[in-house]
Amino acid sequence: MKLSMWIFADRLKQYDPECHISFGKFSIETVRLFSDTEQSDASTLYVGRQKDFFPEGDDFIVCKNQEDLLFLATTDLKDVMNRVLIIMELFARWEGNMMERLSSGAMAQDLFQGSLHIFSHPMFLLDQDQHLLAHSSNYKIGEVNEQWDAMLTHGSSKPDYLVQINEKYPQRFSYKGVFPSRHELYPDQLFEYNFFVRDNWVGIAAIIDQFNNISQGEIDCFSLFCKYLERWFQNYIQEHHSLLLESQLQAAVTAPGSETADLRNRLTQKGWQTADNLIFIKFDAPFLPYNINQHLYHTLRIKFPDTCIFTAELSVCMLCNISRDDPALLKSKLLPLLESSRYYGTAGQPFTMSDSFYQNYKFTTLASEYCKKEVGHIYSADNYTLPYLMAEMKQKISPKLMHPVLKKLKDYDEKHGTDFYDTMYVYLKNERSPLASAKELNLHRNTLAYRLKRLQELFQIDLDDPKVRFHLLVSFELSKQESKNPVKE
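For the sequence shown, position 142 (counting from the first letter as 1) is numbered 911 according to our numbering, and the numbering increases by one without interruption.
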């Protein structure tokens, strides 16, 4: 935190400071006893006696930063130095408190509560609808003015006041930094500060000069405080947009006919393009209770801010833009996290915003049911397209449509102890390649050739006919659906 000379002038009032401040910027970060042997630093407040700084000086104390000077009515150097250090410590603690509250998701009122000891004048914060977000809680109704009372009673100023001030002073919402605001509509002098997110006005804060006695030091403190409020607005707006985006994604993946125009608009606000390739990754924990999801959910949001994280039923889900994020790099970052969290993932197929979010998420979900479910792995849904199709066909196709030779092969194997069923399946799966089939079956090629010849003699199957081969292979795949895990990994 950098402090101004005006802030020190305020905090050293017991020494009746005579202020010679022309610079007055936020530049002071450290304090030192003055020494003419050291080179002057612009970020340092130097404390010493007048005779240290000026040839004709005396023993009275001076505080100096660049060209700004405070002449103090005391000769107690030790006392002044201790007081200056206390001031530095006060603001350092305030900064630490503000940053801790911001990082923990505090509300705006929490920031005000943590700053009551800094300010002696009432302050308030309004959102873009000019509703009260926070105020100085040590000022009650009847202690400031009628507009203050209206805000605390109704959560906003009176409607007629808002209409008049917005019509008469529309330019006040475009100013940046602290600016004075004095007009006939408000009973007291105000110093205000506008807040913008992506150049959009999102709110305004004000400190009220109730008795026309506010100091420049307190105005400077108000400016510092507004910097924390700016960070809060960034977090608040980001969180608000994130929650809206999450709810829109949840609706898009759970309701087949849901409207996704608002979802697409919100994604483009993130900087995504409509033609970008997107992908769903679904995370599941096979051995852990559902409540562990919240831990993974928050961890993913922190570690992967450029993605969209949401929950759907019992899963944590991620929507990634793989046109912008390298899928391999993303996977390398996810795998250790999944391993430590005892989760596995299923990555869907690439799609664009013009495609169906619902259908692409549904496919990812179905693929997650067929994978091995080993923690610390991310499975590609592309590998489970065929098992999914077979599972769907199995539910709708009559067993009578299965190729009859499959039953004959099974019966013959059971009766004679042969392995013709697997031999036929592997041979067809490898596109009738003797080399690949023999390798998978762990057979000599001559042994495989004998089996194939024997199969032809026993069952008279025309494997040269592509329709016969297709019918056989589909029947084999459908037959595998009878087992619990239809895919051999």
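Think of the CB as a built atom: it goes at the ideal place given N, C-alpha and C, for glycine as much as any other residue.
Going by the CB atoms, is the gap between residue j and residue i shorter than 9 Å?
i, j, result
"V913", "D978", "no"
"G1117", "I1048", "yes"
"L1036", "F1079", "no"
"L846", "L802", "yes"
"I973", "D1045", "no"
"S1137", "D1053", "yes"
"Q1019", "A1081", "yes"
"F1239", "L1178", "no"
"H1185", "L1241", "no"
"L1032", "Q1042", "no"
"V1085", "K1051", "yes"
"F777", "L839", "yes"
"L841", "F822", "no"
"H789", "D837", "yes"
"K1141", "K1102", "no"
"L931", "M857", "no"
"T1068", "C1089", "no"
"G883", "E1008", "no"
Can you give the beta carbon distance from residue i to residue j, rounded, assuming they're within the 8 Å contact cut?
i, j, result
"S796", "A811", "6 Å"
"V1195", "L1210", "6 Å"
"M774", "N834", "6 Å"
"F1056", "R1111", "6 Å"
"A975", "F960", "7 Å"
"Q916", "Y955", "6 Å"
"L1217", "A1207", "5 Å"
"T844", "Y784", "No, T844 and Y784 are not in contact; Cβ-Cβ is about 10 Å, not under 8 Å."
"V800", "L854", "7 Å"
"Y944", "N963", "6 Å"
"I934", "V971", "Contact doesn't hold; Cβ gap of about 18 Å is too wide."
In the DSSP assignment, the beta strand (DSSP E) including residue i goes from what residue to what residue?
i, result
"C788", "E787 to H789"
"S1084", "S1084 to N1090"
"A1218", "No beta strand (DSSP E) holds A1218; the alpha helix (DSSP H) holding it covers R1214 to F1228."
"G865", "Counting along the chain, G865 falls outside any beta strand (DSSP E), though it belongs to the alpha helix (DSSP H) covering L846 to S872."
"L894", "M892 to D896"
"N834", "I830 to N834"
"I1078", "C1077 to A1081"
"F840", "D837 to F840"
"T1192", "No beta strand (DSSP E) contains T1192, which is instead part of the alpha helix (DSSP H) from F1189 to K1198."
"L802", "T799 to L802"
"L1278", "Because the chain spans 770 through 1258 in this model, residue 1278 falls outside it and cannot be assessed."
Specify, as a first and last residue, the run of the alpha helix (DSSP H) that residue i falls within.
i, result
"P1235", "P1235 to K1249"
"H1067", "N1062 to K1072"
"Y784", "Run containing Y784: none; DSSP gives neither H nor E here."
"L1175", "V1174 to H1185"
"L880", "A877 to Q882"
"P1203", "P1203 to L1210"
Shorter than 8 Å, the distance from the beta carbon of residue i to the closest heavy atom of the ligand GTP, or not?
i, result
"D898", "By its list of ligands, the structure shown contains no ligand whatsoever, and the ligand GTP lies outside what it can speak to."
Is it a yes or a no for the region 872–892 touching the region 978–995, going by three-plus beta-carbon pairs under 8 Å? yes
Start-end ranges of the beta strand (DSSP E) lying completely within the region 1100–1166, minimum 3 residues: Every beta strand (DSSP E) stretch that sits fully inside the region 1100–1166 and reaches 3 residues is listed by chain position as 1113–1116 and 1147–1149.
On the three-pair Cβ rule with 8 Å, is the region 936–945 touching the region 866–875? no
Evaluate contact between the region 1090–1098 and the region 981–989, counting only Cβ atoms and requiring at least three cross-stretch pairs below 8 Å. no
Do three or more CB pairs link the region 811–821 to the region 840–850 at distances below 8 Å? yes
Is the region 915–924 touching the region 891–906, taking contact as three or more C-beta pairs under 8 Å? yes
Should the region 997–1007 be regarded as contacting the region 1062–1070, the criterion being three or more beta carbon pairs within less than 8 Å? Segments in contact, no.
Please give me, in chain order, every unbroken run of the alpha helix (DSSP H) with length at least 4 that falls completely inside the region 979–1051. 985–1023 and 1030–1038
Contact between the region 1137–1146 and the region 1019–1039: three or more CB pairs below 8 Å? no
Pairs of beta-carbons, one from the region 1099–1108 and one from the region 1118–1132, closer than 8 Å: are there three or more? Contact fails: fewer than three Cβ-Cβ distances are below 8 Å.
Does the region 1212–1225 touch the region 1182–1198, meaning 3 or more C-beta pairs lie closer than 8 Å? yes
Residue ranges of each beta strand (DSSP E) within the region 891–975, 3 or longer: At a cut-off of 3 residues, the continuous stretches assigned as beta strand (DSSP E) that sit fully inside the region 891–975 are 892–896, 901–904, 947–950 and 958–966.
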